[in-house]
Amino acid sequence: MTPKKATTRIGRKKKTRQSTTRSAVFFAKETLGQKCARARKIDKRLAAAYPDARCTLNFKNPLELLVATILAAQCTDERVNLVTRKLFRKYRSAKAYAQAKAAIFEKDITSVGFFRNKTKSLLACGRLLEDRYSGKVPKTMEELLSLPGVGRKTANVILGNAFGIGGIVVDTHVGRLSRRLGLSDQGDPDKVEQDLMPLIPQNRWTIFSHLLVFHGRRICSARKPDCPNCLLNDLCPSAFGV
Ligand code: SF4
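Those letters in the sequence shown? Residues 10 to 251, per the numbering used here, in order.
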């Protein structure tokens, strides 16, 4: 590593720390009512900017979404969509996953990261769905969390996008933007979710998550947020300081 690069990286870390501190201070000073009003303005502006915001995983039913969401951990939605195009034609029910042979299934999903662990989770999921839920994907957070490989993030994706039951999905983009926007000062995704829930009406939880993901991908990237061209820069305590 050259001395110049080392300085740049340290400089970036220092800047990120300063910005995190700045939004955390802002988070502490703002009243809940003020934060709510600001969060709703953010939601409104993003909704106008990204009318096409949606779940970018392809699926036709709750089972397909469950499978796609488990496959999407540490993998891009584009890659998952490539894999599931064939996979969903081959495995059409929970029973099909329950009866699949691990060695063959691993080959079917080999191009996604952590394919061995994901194979274990998906085949175990199929068995549990068959044994406990008559082969159907359950509709409650508690039941979804009982499935192998399903945490709150996956459960909220399914509740929100397959069943229309609001759920805030805190992935890397939603976590980062929530902190930069001073809507949460938490690092843990479950705690970020708890911070966001009172700020946004429940019927907006799912779409608000998609809007933050779209904005994170297009404008407020992890490394180089485009604050000058960001439609939220007058509402964001981290603007021009990330
Ligand atoms: S103003 Fe900058 S830091 Fe804030 S949301 Fe926009 S791009 Fe991100």
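Even glycine gets a Cβ: it sits at the ideal position worked out from N, Cα and C.
Pair within 8 Å by beta-carbon distance, residue i and residue j
i      : j      : result
Gly158 : Thr215 : no
Leu55  : Leu220 : yes
Thr93  : Asn67  : yes
Val166 : Thr78  : yes
His224 : Leu186 : yes
Leu96  : Ile118 : yes
Ser247 : Arg189 : yes
Leu138 : Lys145 : yes
Arg161 : Asp199 : yes
Leu80  : Lys127 : yes
Leu205 : Lys44  : no
Met150 : Ala171 : no
Ala46  : Leu72  : no
His182 : Val222 : yes
Gln83  : Phe123 : yes
Run of the alpha helix (DSSP H) containing residue i, from where it starts to where it stops
i      : result
Ser102 : Note, Ser102: premise wrong, no alpha helix (DSSP H); not H, not E.
Tyr142 : Phe124 to Tyr142
Val201 : Pro198 to Leu205
Gln43  : Leu41 to Ala58
Gly175 : First-last for Gly175: undefined, no H or E at that position.
Arg226 : Trp214 to Arg227
Asp117 : Ala111 to Asp117
Gly184 : Thr181 to Arg189
Leu153 : Met150 to Leu154
Thr78  : Pro71 to Leu80
Exercise. Could you say if the stretch 46–63 and the stretch 233–245 meet the contact criterion of at least three C-beta pairs nearer than 8 Å?
Key: yes
Exercise. Spell out a yes or no on whether the stretch 120–137 and the stretch 99–112 are touching, meaning 3 or more CB-CB pairs, one atom from each, closer than 8 Å.
Key: yes
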